[in-house]
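Enquirer: Residue numbers (our numbering): 277 to 658. Even for Gly, the Cβ is constructed at its ideal location relative to N, Cα and C. Sharing a structure, written as structure tokens. Questions coming.
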Ligand code: CA
């Protein structure tokens, strides 16, 4: 089998209701999809992570102009070989960000091809499933107007609860006083309902304020506190982690085994959150999982993409070991973004759906996605 074509599809659609996380206003949702075509009739799908503020054309250009020429006529089953070829060829201008997102999209598609070629879901190729279903947590609590939305966010917590979620992640990072007010309202709404909470500031603060916020949240029994400081500030992560009682999480803005070597080696986090669509795909996740096990750090993947990224991330999370074994060990949980994203439900025939807060790991070959090309044509950036 050999690769005979690679098609890249940058998609975008404006949102009816723009929303903010701590780093800016998200006015449209986008995705960079890639389709790797073989001479044996098997096509693999992949997706580059497109953060809310990131133009999807960047990763598309990386794939089209830098990666595609490296892969034509090659054996798609040589996933590890091709990963290193892509990384080495882009090292001098890549290593992070949209370049590794482009590598990720290709790598995901190659594993999709391999799963289809061998007739097994990708998690089987990764060594098997530690779990056949995964608990989903709701990511939400974005802002629509800015500060002062605590009471609306308290009501949003009830909506997630009524939709079945028993774990939720609250977006913070809009000023300490506003953050604490939001948590008070969310906590009041959920009192006595047995819901696990996480918080995520998307690196809104420096070390001092990140620690002050953590002190203010000490009573919420948080499962984790995510991205307390900027991703480059590894020493700051360590300082925050040393000073606060709750587990510290981060890693959605870190890339490859090399980035995670420094991040984990510095003792930055208790929980590492590589995003399959930007860390470097399944191949890089395998490297990072091994590193994390060696450092006693739990992997809990970050997920914010379209239906393809969700399907791929479900295959990954099935194959993530627990870092701290015991008979009642805490299992990784699946990030289920509840913000508006038209490509999550429309793009594939069987989109990811949660029931009672749980998702079954799909058992179809590869990623198990059947893509609706009309949706791609409709939203493609021309
Ligand atoms: Ca996050």
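1) Under a three-way DSSP split, which group does residue 517 fall into?
2) Three or more beta-carbon pairs under 8 Å between the segment 515 to 524 and the segment 544 to 557, yes or no?
3) Can you look up residue 414 in the DSSP assignment and give me helix, strand or coil?
4) Quick check on this structure: which residue in 414, 444 and 451 has the alpha carbon closest to the alpha carbon of residue 423?
5) Check whether the Cβ of residue 349 sits closer than 8 Å to any heavy atom of ligand 1, and report yes or no.
6) Report whether the distance from the Cβ of residue 691 to the nearest heavy atom of ligand 1 is below 8 Å.
7) Is residue 299 near ligand 1 - that is, is its Cβ less than 8 Å away from at least one heavy atom of it?
8) In this structure, what does DSSP give as the bridge partners for residue 304?
9) Can you tell me the Cα-Cα spacing of residue 374 and residue 476, whole angstroms?
10) Rounded C-beta distance between residue 323 and residue 584? I'm assuming under 8 Å.
11) Nearest-angstrom Cα distance between residue 615 and residue 501?
12) Check whether the segment 550 to 563 and the segment 367 to 386 are in contact - that is, three or more C-beta pairs closer than 8 Å.
13) What separation, rounded to the nearest whole angstrom, lies between the Cα atoms of residue 397 and residue 421?
14) If you drop the 5 nearest sequence neighbours on each side, which residues of the same chain put their C-beta closer than 8 Å to that of residue 332?
15) Grouping DSSP H, G and I as helix and E and B as strand, with all else coil, what is residue 652?
16) Please indicate yes or no: does the CB of residue 454 lie closer than 8 Å to some heavy atom of ligand 1?
17) Within the same chain, show all residues whose beta-carbon is closer than 7 Å to that of residue 612, passing over the 5 residues directly before and after it, in chain order.
18) Beta carbon of residue 574: closer than 8 Å to some heavy atom of ligand 1?
19) Can you tell me whether residue 280 is buried or exposed? The criterion is at least 16 other CB atoms within 10 Å of its CB, across all chains shown.
20) Going by beta carbon distance, what residues of the same chain come within less than 7 Å of residue 294, once the five residues before and after it are set aside?
21) Compare the Cα-Cα distances from residue 637 to each of 336, 563, 610 and 388 and report the closest residue.
22) Is any heavy atom in ligand 1 found nearer than 8 Å to the beta carbon of residue 549?
23) Would you kindly check if the distance between the Cβ of residue 617 and the Cβ of residue 582 is under 9 Å?
24) For residue 437 and residue 409, which I take to be in contact (beta-carbon distance under 8 Å), what is that distance rounded to the nearest angstrom?
25) With DSSP as the reference, identify every bridge partner of residue 324, one or two as the case may be.
26) Taking all protein chains shown into account, decide if residue 391 is buried (16 or more other Cβ within 10 angstroms of its Cβ) or exposed.
27) Residue 533 to residue 407, Cα distance in whole Å?
Expert: Based on what the coordinates show:
1) Looking up residue 517 in the chain shown gives position 241. Here residue 517 sits in helix by DSSP.
2) yes
3) Within the chain shown, the letter at position 138 stands for residue 414. Three-state DSSP puts residue 414 in a strand.
4) In the chain shown, residue 423 corresponds to position 147, counting from 1. Cα-wise, what sits closest to residue 423 is 451.
5) Your numbering for residue 349 matches position 73 in the chain shown. It does not: the Cβ of residue 349 is nowhere closer than 8 Å to a heavy atom of ligand 1.
6) Residue 691 falls outside the range modelled here, since the chain spans only 277 to 658, and no answer is possible.
7) To locate residue 299, count along the chain shown from 1; it is residue 23. Checking the Cβ of residue 299 against ligand 1 gives no.
8) Locating residue 304 in the chain shown gives position 28, counting from the first residue. Per DSSP, 290.
9) Here residue 374 refers to the residue found at position 98 of the chain shown. Here residue 476 refers to the residue found at position 200 of the chain shown. Using only the alpha carbons, I get a separation of about 22 Å.
10) Taking the first residue of the chain shown as 1, we reach residue 323 at position 47. Taking the first residue of the chain shown as 1, we reach residue 584 at position 308. Yes, they are in contact, since the Cβ atoms of residue 323 and residue 584 sit about 4 Å apart, within 8 Å.
11) Sequence index remark: in the chain shown, residue 615 carries index 339 (1-based). Sequence index remark: in the chain shown, residue 501 carries index 225 (1-based). Computed Cα separation, rounded: 20 Å.
12) yes
13) For the purposes of this step, residue 397 is taken as residue 121 along the chain shown, with counting starting at 1. For the purposes of this step, residue 421 is taken as residue 145 along the chain shown, with counting starting at 1. Those two C-alpha atoms are separated by around 42 Å.
14) By 1-based counting over the chain shown, the position of residue 332 is 56. Only 286, 287, 288, 306, 307, 308, 324, 326 and 657 meet the Cβ criterion.
15) For the purposes of this step, residue 652 is taken as residue 376 along the chain shown, with counting starting at 1. In this structure, residue 652 counts as helix in the three-state DSSP scheme.
16) Position 178 of the chain shown holds residue 454. Outside the cutoff, so no.
17) Taking the first residue of the chain shown as 1, we reach residue 612 at position 336. The residues are 412, 413, 414, 415 and 630.
18) What you label residue 574 is simply residue 298 of the chain shown in a count that begins at 1. For ligand 1, not one heavy atom lies less than 8 Å from the Cβ of residue 574.
19) Residue numbering aside, residue 280 sits at position 4 when the chain shown is read from its first letter. With fewer than 16 Cβ atoms within 10 Å of its Cβ, residue 280 is classed as exposed.
20) Mapped onto the chain shown, residue 294 falls at position 18. Excluding positions up to five away in sequence, the list reads 301, 302 and 303.
21) Within the chain shown, numbered from 1, the residue matching residue 637 stands at position 361. It is 610 whose Cα lies nearest to the Cα of residue 637.
22) Translated into the one-based positions of the chain shown, residue 549 becomes position 273. Checking the Cβ of residue 549 against ligand 1 gives yes.
23) Here the question's residue 582 lines up with position 306 in the chain shown. Here the question's residue 617 lines up with position 341 in the chain shown. Yes, the pair counts as a contact, with Cβ atoms nearer than the cut-off.
24) Taking the first residue of the chain shown as position 1, residue 437 is located at position 161. Taking the first residue of the chain shown as position 1, residue 409 is located at position 133. Actually they are not in contact, since the Cβ atoms of residue 437 and residue 409 sit about 20 Å apart, beyond 8 Å.
25) For the purposes of this step, residue 324 is taken as residue 48 along the chain shown, with counting starting at 1. Note: residue 324 sits in a beta bridge opposite 308.
26) The residue labelled residue 391 in the question sits at position 115 within the chain shown. Residue 391 should be labelled buried.
27) In the chain shown, counting from the first residue as 1, residue 533 sits at position 257. In the chain shown, counting from the first residue as 1, residue 407 sits at position 131. So the two alpha carbons sit approximately 25 Å from each other.
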